Amino acid sequence: MAFVWHLVILIGTWLPGALTYTMIFGKGKILHFGPLGVSLMTSYATFLTLGATGSYPIAVLTGLGSAIAISAVFAWLSLRLEPDGFGIMSIAVHLSVLSVVLNWSSLTRGALGIPRLPRAPFPASQEGFALVMVVMCIVWVLGMWLLDRSSFGRKIAALAEHEWHSAALGVSRARVHFLAFMVGALGALFGTLPYHHYIGLLHPNDYQFPGLIFFVMLVVAGKPGSVFGVTISTILLVLLKELLRFVPLPPDILGPVRLILFGVILFAAVWYRRDTLFPKQRTV
90 MAFVWHLVIL IGTWLPGALT YTMIFGKGKI LHFGPLGVSL MTSYATFLTL GATGSYPIAV
150 LTGLGSAIAI SAVFAWLSLR LEPDGFGIMS IAVHLSVLSV VLNWSSLTRG ALGIPRLPRA
210 PFPASQEGFA LVMVVMCIVW VLGMWLLDRS SFGRKIAALA EHEWHSAALG VSRARVHFLA
270 FMVGALGALF GTLPYHHYIG LLHPNDYQFP GLIFFVMLVV AGKPGSVFGV TISTILLVLL
330 KELLRFVPLP PDILGPVRLI LFGVILFAAV WYRRDTLFPK QRTV
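For the sequence shown, the numbering used here begins at 90 and goes up steadily by one.
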């Protein structure tokens, strides 16, 4: 039963980020490849502050401020650059943050990571942690569904379909992009902090390229822009990822095999949903 609770917790840590990412990347067609950069900066800002102050409220507020700051940078870049240029720049920002983490060893311990993270005062048990994650995910899914059905969801979809026509109807691209990335900042906070509290370790390897591939795969496999579709794909793919641990392969082989498998799944999903991912712009 402990493994079942473990799976529930891991699904809960991936779901908030996946749902906010499908709003930005899937529904908004914004080529944003930096969600792990936001999570990386959020997690290190939070736990470094926690280690220095011992105060959870101050640490969480610091992490939230960091998430908002880097998300605002991404929003600004998305307004200043062409879509493909922003995609490349978002990867560059992610790698820049990762480089700082790896090389500022006196503060972050570099490639060694930060072990023995202080646990939150509650919940104390694995079962309680899992139940908290279930409640949080239910609230998050409902919130994202309501946001998707709101005027904001219609605005970001209209901008994705035709920017000029949307501007003529009074849709502010700057405001919509900023709000979308702020929601992404909240998703990063509510996803990454419980994960590191649960495993008790903060390590930069969790924010490498394979993690980005998995993030994109969650959105593409679940239908870009679909809240419930991405929820289902997150559940199934996290289960697949964890159950692959039981495949009788050496650890040095299992990692590459898992990456190849996820790459094949991503390729198949992109091919199947190519009309959704790369729609032809309507003309009159």
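Each residue gets a CB set at the ideal place from its N, CA and C atoms; glycine is no exception. Since the model is a prediction, treat every value here as computed from it, not as a measurement.
Asked, Found
"Taking the beta carbon of P313 as the centre, do at least 16 other beta carbons fall within 10 Å, making it buried, or is it exposed?", "buried"
"Quick one: what does DSSP say I119 is sitting in, helix, strand or coil?", "coil"
"Residues bridged to P204 by DSSP?", "L290"
"Counting Cβ pairs, one atom from each stretch, are 3 or more of them under 8 Å apart for the segment 227-239 and the segment 129-140?", "no"
"For the alpha helix (DSSP H) holding D237, just list the boundary residues, first then last.", "215-238"
"W103 lies in the alpha helix (DSSP H); which residues open and close that run?", "91-110"
"Pull up the distance between the alpha-carbon of A256 and that of Y296, whole angstroms please.", "36 Å"
"Just confirm the distance between the C-beta atoms of R264 and L248, as a whole number of angstroms; I'd bet it's less than 8 Å.", "Between L248 and R264 the Cβ distance is about 10 Å, and since that is not below 8 Å, they are no contact."
"Assuming H254 is part of the alpha helix (DSSP H), what are its boundary residues?", "252-257"
"Going by the CB atoms, is the gap between A158 and H38 shorter than 8 Å?", "The displayed coordinates of the chain run from 90 to 373. Any statement about residue 38 would go beyond what the structure contains."
"Could you have a look at A158 and say whether DSSP puts it in helix, strand or coil?", "helix"
"Is it true that the CB of A269 sits closer than 8 Å to the CB of I147?", "no"
"Excluding the five sequence neighbours on either side, which residues of its own chain have a C-beta within less than 7 Å of the C-beta of V346, listed in chain order?", "L338"
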